[in-house]
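One structure is given below, encoded as structure tokens.
Protein chains: 2
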Amino acid sequence: MGGDHSPEEIVKGGVAAARDEGIEVVLVGQEEVVRGELAKQDFADPRIDVANATEVVGMDERPVLAIKEKRDSSIVVGMELLRKGEVAAFVSAGNTGAVMTAACLILGKRKGIHRPALGAVFPFHTGPVLCLDLGANADCKAGWLVQFAHMGSIYMEKVFNIENPRVGLLSSGEEDTKGSQEVQKANKMLRKAKVNFIGNIEGRHIASGIADVIVTDGFTGNVVMKLGEGIGEMLVGSLWKAVTENPNLKTSADLLEPTFRSVIGTLDYRQYGGALLFGVNHSVIVAHGRSDARAIKSAMVAAKRTVALELAEAIKG
Amino acid sequence: MGGDHSPEEIVKGGVAAARDEGIEVVLVGQEEVVRGELAKQDFADPRIDVANATEVVGMDERPVLAIKEKRDSSIVVGMELLRKGEVAAFVSAGNTGAVMTAACLILGKRKGIHRPALGAVFPFHTGPVLCLDLGANADCKAGWLVQFAHMGSIYMEKVFNIENPRVGLLSSGEEDTKGSQEVQKANKMLRKAKVNFIGNIEGRHIASGIADVIVTDGFTGNVVMKLGEGIGEMLVGSLWKAVTENPNLKTSADLLEPTFRSVIGTLDYRQYGGALLFGVNHSVIVAHGRSDARAIKSAMVAAKRTVALELAEAIKG
């Protein structure tokens, strides 16, 4: 029931995941509404099931309150199915805070992990880069950042077969002494940690391919990720304006537009599988609130891979 | 003497500022070296003078130590000329930390200002946007952020004649309750402050034109600014890769390249005047370390405007 385009796009995405990828899908939500959407899809399949949840958590609701009070919401019902082992992973385009809170309260954190983190892979032309935290923790202690480095390294090893993934700590300068107090502390701790720490990296290095894992606090990570979204739109807007002012460029622009869009698309993690919640028991994928059917299907494929690789189980504090 | 391309590009930029803009320029540095560069320029002008400074502060030196020990460095000598009123503004492409430290120690902060901030204007296609702090203070107290909002508003009013500039606080969500502890506090304080506060803005809003002034801590600001630099290179790289894989696009790409470069250039503040150090007595402009002659000339033009508008004097705590 979550996300800006639910239930229609969510149901469509689930149907596509079952039809194209053979994934067994349980759609969690108000049963009548969900079945109504399903009926429109012209695709009946035993791989698609519906679990009834009468309540809906709004995008602006306070996470802890919503999870405690709405016990029959799609988030709580879905998370309970996951805890009981009736499903293997949970995908949501709903309220991110509520999904994280429900994951911590219902599934629990992995042993020894201080805080779960949201991480997503950006497929830059230099190779895939995992960034975490993208918004689970606005203020991060140095020790949490070190755990993010460990969790991210495990992910890149398992998913992309990268030996000793290079870990960069996002900071306001390359020198070890640059950055906020906690980042300076984290740098010292990472120098001694059992990860392949390459040192601080700057904003200009994010897409440069010098690190496989980029560690940052959820505040900075969230700003950077959303800047990536906005910058694509901004660049297209500016380019179109420039083109309008020079008619000779029109044909070229039309030819290049699809290429251009696919390039700036690499900045937008929504397009390819959502973010994984690192450090909780079981596999939880947070898709973007604006997800369409394609994004939901990608998120379900990512969820399936996460389960197959036993990623959640591999993470320990 | 500062910056990656000194003294050649700095001297060239100074000469261009004198020749093209009629600015009276004092080049501060090792006199013999500077005069040697000047001789190559084929431009003798009474508007260009040289002040001798025998020492050089390296880009990686510790700011406070460097300023205290190298009293005959170009940064200290230039700042002293400014303090004594022998020049009206100071431009440097050198060690940013050393420039800020020297400004605080030699010029002093404006009365009532807790911390100076580095701010620069980005000429997005939606209009000019001032961002501060871009790196002077990695950890920022809520009260400092509120002062950045005031200083930024004064700037946009004076420089761009914008009445009641719209101030956005960069955060990890639009709701007042989103963000780090200090950002949440700053949001509350800004709701009561005498600025036109539009609330929290997200990364995707930076270039969208909804705010004239964007306030953030120096850590986040620095990461965002440097991401802007890197993203241009990354997008050009990706686009070229895509074009190489499809020869039909080659002609279009060649036609569009200059337009494309100018659009991504808006993300790179180096190209248009450097950053102003807000909140110190007198006008200090920090140009990017990688500045070429054109960037230095722009920074000197920006310095001249700052003096003419009496911006430094307009700022009070």
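Keeping their order, the protein sequence lines are chains V and X. Read in this note's numbering, the first sequence has 175 at position 175, and its numbers run on one by one without any break. This note's numbering runs 1000 ahead of the 1-based position in the second sequence. Beta carbons are placed, not taken as given, at the ideal position from N, Cα and C, and that holds for glycine.
F197 of chain V classed as buried or exposed, judged by whether at least 16 other C-beta atoms fall within 10 angstroms: In the first sequence, the residue the question calls residue 197 of chain V occupies position 197. Buried, since its Cβ has 16 or more Cβ neighbours within 10 Å.
Cβ neighbours of I48 of chain V in the same chain (closer than 6 Å, five flanking residues each side left out): Residue mapping note: residue 48 of chain V aligns to position 48 of the first sequence, counting from 1. Around I48 of chain V: A18 and V25.
Under 8 Å by beta carbon: chain X residues contacting V167 of chain V: Start at 1 with the first residue of the first sequence, and residue 167 of chain V comes out as number 167. Residues of chain X passing the Cβ test: none, with the nearest at roughly 17 Å.
The stretch 1041–1061 of chain X / the stretch 1072–1085 of chain X touching (three or more Cβ pairs under 8 Å): yes
Below-8 Å beta-carbon distance, S1208 of chain X vs any chain V residue: As a working note, residue 1208 of chain X is residue 208 in the second sequence. True, the Cβ-Cβ gap to chain V drops below 8 Å.
Residue burial classification, K304 of chain V (beta-carbon count within 10 angstroms, cutoff 16): What you label residue 304 of chain V is simply residue 304 of the first sequence in a count that begins at 1. Classification for K304 of chain V: buried.
Length of the line joining the Cα atoms of V1224 of chain X and E1313 of chain X: Taking the first residue of the second sequence as position 1, residue 1224 of chain X is located at position 224. Taking the first residue of the second sequence as position 1, residue 1313 of chain X is located at position 313. The straight-line gap from Cα to Cα measures roughly 29 Å.
D1042 of chain X, buried or exposed, once every other Cβ within 10 Å from all chains shown has been counted against 16: Stepping through the second sequence from its first residue, residue 1042 of chain X is reached at position 42. Exposed.
Same chain, Cβ closer than 7 Å to G1289 of chain X, neighbours up to 5 away in sequence not counted: On the second sequence, residue 1289 of chain X is found 289 positions in, with the first residue counted as 1. Only G1003, D1004, M1059 and A1093 meet the Cβ criterion.
Expected contact under 8 Å - CB spacing of I1067 of chain X and A1089 of chain X to nearest Å: Translated into the one-based positions of the second sequence, residue 1067 of chain X becomes position 67. Translated into the one-based positions of the second sequence, residue 1089 of chain X becomes position 89. In fact, because the Cβ distance is near 19 Å, the residues do not count as touching under 8 Å.
Proximity below 8 Å, CB of L81 of chain V to CB of L1227 of chain X: In the first sequence, the residue the question calls residue 81 of chain V occupies position 81. In the second sequence, the residue the question calls residue 1227 of chain X occupies position 227. Result no, Cβ atoms of L81 of chain V and L1227 of chain X do not sit closer than 8 Å.
Proximity test, Cβ basis, 8 Å: N1200 of chain X and chain V: One-based indexing of the second sequence puts residue 1200 of chain X at position 200. It does not: the Cβ of N1200 of chain X has no partner Cβ on chain V nearer than 8 Å.
CB of I210 of chain V within 8 Å of CB of L170 of chain V, strictly: The count along the first sequence starts at 1 and reaches residue 210 of chain V at position 210. The count along the first sequence starts at 1 and reaches residue 170 of chain V at position 170. Taking 8 Å as the Cβ cut-off, I210 of chain V and L170 of chain V do not qualify as a contacting pair.
Cutoff 8 Å: S6 of chain V Cβ touching any chain X Cβ: Locating residue 6 of chain V in the first sequence gives position 6, counting from the first residue. Chain X contact via Cβ: absent.
Within chain V, partners of E1175 of chain X - CB distance below 7 Å: Against the second sequence, residue 1175 of chain X aligns to sequence position 175. The answer, in chain order, is D60.
Which residues DSSP lists as bridging A1120 of chain X, in chain order: As a working note, residue 1120 of chain X is residue 120 in the second sequence. A1120 of chain X is bridged to X:C1131.
Distance CB(S1298 of chain X)-CB(G1265 of chain X) smaller than 8 Å: Translated into positions along the second sequence, residue 1298 of chain X becomes position 298. Translated into positions along the second sequence, residue 1265 of chain X becomes position 265. No; because the gap between Cβ atoms is not below 8 Å, this pair is not in contact.
Where the alpha helix (DSSP H) containing A186 of chain V begins and where it ends: Position 186 of the first sequence, counted from the start, is the residue given in the question as residue 186 of chain V. Note, A186 of chain V: alpha helix (DSSP H), Q181 to K192.
Nearest-angstrom beta carbon gap, T1096 of chain X and G1135 of chain X [assumed within contact, 8 Å]: For this step, residue 1135 of chain X is matched to residue 135 along the second sequence. For this step, residue 1096 of chain X is matched to residue 96 along the second sequence. About 7 Å separates the two Cβ atoms, so the contact holds.
Identified DSSP bridge partners for I1162 of chain X: Locating residue 1162 of chain X in the second sequence gives position 162, counting from the first residue. None; I1162 of chain X has no bridge partner.
Range of the contiguous beta strand (DSSP E) that encloses I1201 of chain X: As a position in the second sequence, residue 1201 of chain X is number 201, starting the count at 1. Start and end: N1196 to I1201.
Y1155 of chain X and G1127 of chain X closer than 8 Å at C-beta: Taking the second sequence and counting its residues from 1, the one referred to as residue 1155 of chain X is at position 155. Taking the second sequence and counting its residues from 1, the one referred to as residue 1127 of chain X is at position 127. It is not a contact, given that the beta carbons lie outside the stated cut-off.
Buried versus exposed, by CB contacts within 10 Å (16 or more), K241 of chain V: Working through the first sequence from its first residue, we reach residue 241 of chain V at position 241. Exposed, by the Cβ-count rule.
Ranges of the alpha helix (DSSP H) found wholly within the stretch 53–99 of chain V, counting only runs of at least 4: 63–69 and 74–83
Whole-number beta carbon distance between D1139 of chain X and S180 of chain V, since they are thought to touch under 8 Å: Mapped onto the first sequence, residue 180 of chain V falls at position 180. Mapped onto the second sequence, residue 1139 of chain X falls at position 139. The pair is a contact, with the Cβ atoms about 5 Å apart (cut-off 8 Å).
Candidates V:G112, V:E157, V:G203 and V:P7: closest to G168 of chain V by CA position: Along the first sequence, one-based indexing puts residue 168 of chain V at 168. When each option's Cα is compared against that of G168 of chain V, the closest is V:G203.
Backbone secondary structure at S298 of chain V - three-state DSSP: Here residue 298 of chain V refers to the residue found at position 298 of the first sequence. S298 of chain V falls in the helix class under three-state DSSP.
Reference V1280 of chain X; option with closest CA among X:L1107, X:A1302 and X:N1246: Indexing the second sequence from 1 puts residue 1280 of chain X at position 280. Nearest of X:L1107, X:A1302 and X:N1246 to V1280 of chain X, Cα basis: X:L1107.
For I1285 of chain X, the three-state DSSP class (helix, strand or coil): Locating residue 1285 of chain X in the second sequence gives position 285, counting from the first residue. Correct three-state label for I1285 of chain X: strand.
C-beta contact flag for A1117 of chain X and V1284 of chain X at 8 Å: By 1-based counting over the second sequence, the position of residue 1117 of chain X is 117. By 1-based counting over the second sequence, the position of residue 1284 of chain X is 284. Not closer than 8 Å, so no.
Burial state of K1188 of chain X, where buried means 16 or more other Cβ atoms lie within 10 Å: Taking the first residue of the second sequence as position 1, residue 1188 of chain X is located at position 188. By the 10 Å Cβ count, K1188 of chain X comes out exposed.
CB contact flag (E1174 of chain X, G1199 of chain X, <8 Å): Here residue 1174 of chain X corresponds to residue number 174 of the second sequence, with the count starting at 1. Here residue 1199 of chain X corresponds to residue number 199 of the second sequence, with the count starting at 1. Against a cut-off of 8 Å, the Cβ pair of G1199 of chain X and E1174 of chain X comes out as a contact.
CB-CB length for E1037 of chain X against E1008 of chain X, believed under 8 Å: For the purposes of this step, residue 1037 of chain X is identified with residue 37 of the second sequence, where counting begins at 1. For the purposes of this step, residue 1008 of chain X is identified with residue 8 of the second sequence, where counting begins at 1. At roughly 6 Å, the Cβ-Cβ gap stays under 8 Å, so E1037 of chain X and E1008 of chain X are in contact.
Environment of D1217 of chain X [buried if 16+ CB atoms lie within 10 Å]: Here residue 1217 of chain X is taken as the residue at index 217 of the second sequence, counted from 1. Classification for D1217 of chain X: buried.
I1214 of chain X, enclosing beta strand (DSSP E) - first and last residue: Taking the second sequence and counting its residues from 1, the one referred to as residue 1214 of chain X is at position 214. Segment V1213 to V1215, the beta strand (DSSP E) holding I1214 of chain X.
CB contact below 8 Å: L190 of chain V versus chain X: In the first sequence, the residue the question calls residue 190 of chain V occupies position 190. Answer no: the Cβ-Cβ gap between L190 of chain V and chain X never drops below 8 Å.
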